[in-house]
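First the structure, in the form of structure tokens, and then the observations on it.
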Amino acid sequence: MMKSNYQILEYMGKNPRIDESVFLAPGSQVVGDVVIGKNSSIWFQTLVRGDVNYIRIGENVNIQDLTIVHVARDVYPVEIGNNVSIGHRATIHGCKLKDNSFVGMCATLMDDVEVGEFAFIGAGALVTPGKKIPPGVLVMGSPGKIVRDITDKEREIITRTAGNYLKYKENYLQDPFYSRG
121 MMKSNYQILE
131 YMGKNPRIDE
141 SVFLAPGSQV
151 VGDVVIGKNS
161 SIWFQTLVRG
171 DVNYIRIGEN
181 VNIQDLTIVH
191 VARDVYPVEI
201 GNNVSIGHRA
211 TIHGCKLKDN
221 SFVGMCATLM
231 DDVEVGEFAF
241 IGAGALVTPG
251 KKIPPGVLVM
261 GSPGKIVRDI
271 TDKEREIITR
281 TAGNYLKYKE
291 NYLQDPFYSR
301 G
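See the structure below:
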């Protein structure tokens with residue numbers, strides 16, 4: 121049986137810096153000028169590509185299956201705070217996500233977008249370039265529009281999802297096949 125086959129790739133002399141507690145799922149790729157903080161997780165078939173600008177990912181971040189995280193050359197890096205959840209098949213391009221923000225499945229965030237704390241980007245939303253999403257709101261649609269403040273239940277979903285993915289990554293790392301050691 122082969123060991124987990126994630127890839128950590130140098131680009132133009134820049135190597136990703138990944139905390140030893142991070143879970144990298146099989147098929148995930150991390151390229152170039154990328155820093156990933158403690159207890160974060162990069163899930164199956166996800167690409168984090170810091171080739172023409174930098175990517176900074178905080179602690180307890182989960183970037184779920186089939187997501188693409190990329191940058192805009194020399195202009196817009198990606199900065200992701202702590203306790204952020206990014207749903208399956210999202211696209212994160214040249215933007216900033218504050219602590220405790222949430223990006224739903226298949227959402228797209230374009231260059232120069234900023235997402236505030238406890239903001240909830242709904243599944244399939246398209247957040248167009250330059251949008252500044254304030255804290256604690258729900259964004260839905262294409263193009264994405266603020267529809268209302270988040271509910272207590274949605275705030276709980278944000279917190280619970282980050283906590284769940286912390287447990288999931290710990291479970292995977294206990295299996296020798298998935299460990300980075």
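For reference, each letter of the sequence shown is one residue, going 121 to 301 in this note's numbering. Ideal Cβ placement from N, Cα and C applies to all residues, glycine included. All values reported here derive from a predicted model rather than from experimental measurement.
Check, Outcome
"Whole-number beta carbon distance between R209 and L186, since they are thought to touch under 8 Å", "4 Å"
"N173 versus E274 - alpha carbon distance", "33 Å"
"Unbroken alpha helix (DSSP H) run spanning E199, endpoints", "Where E199 is concerned, there is no enclosing alpha helix (DSSP H), although the beta strand (DSSP E) it sits in stretches over V198 to I200."
"Those residues which DSSP pairs with R137 across a bridge", "V155"
"CB contact flag (I183, I156, <7 Å)", "no"
"Contact with chain C by E199, beta-carbon distance below 7 Å", "Of the protein chains in the structure, only one exists, and it is not chain C."
"Supposed contact pair G224 and I241 - C-beta distance, whole angstroms, cut 8 Å", "6 Å"
"Best match in Y288, T228, T271 and A239 for proximity to G261 [C-alpha to C-alpha]", "T228"
"Coil, strand or helix - E234 by DSSP", "strand"
"Nonlocal neighbours in the same chain, by C-beta distance under 8 Å from M121, ignoring five residues either side", "For M121, the predicted structure reports a pLDDT of 45, less than 50, and the residue's modelled location is therefore unreliable. A value from the coordinates is still provided. Answer for M121: F297, listed in chain order."
"L286 versus L167 - alpha carbon distance", "19 Å"
"Expected contact under 8 Å - CB spacing of C215 and V198 to nearest Å", "6 Å"
"C-alpha distance - N135 paired with G283, whole-angstrom precision", "29 Å"
"C-beta atoms of G178 and I200 nearer than 7 Å", "yes"
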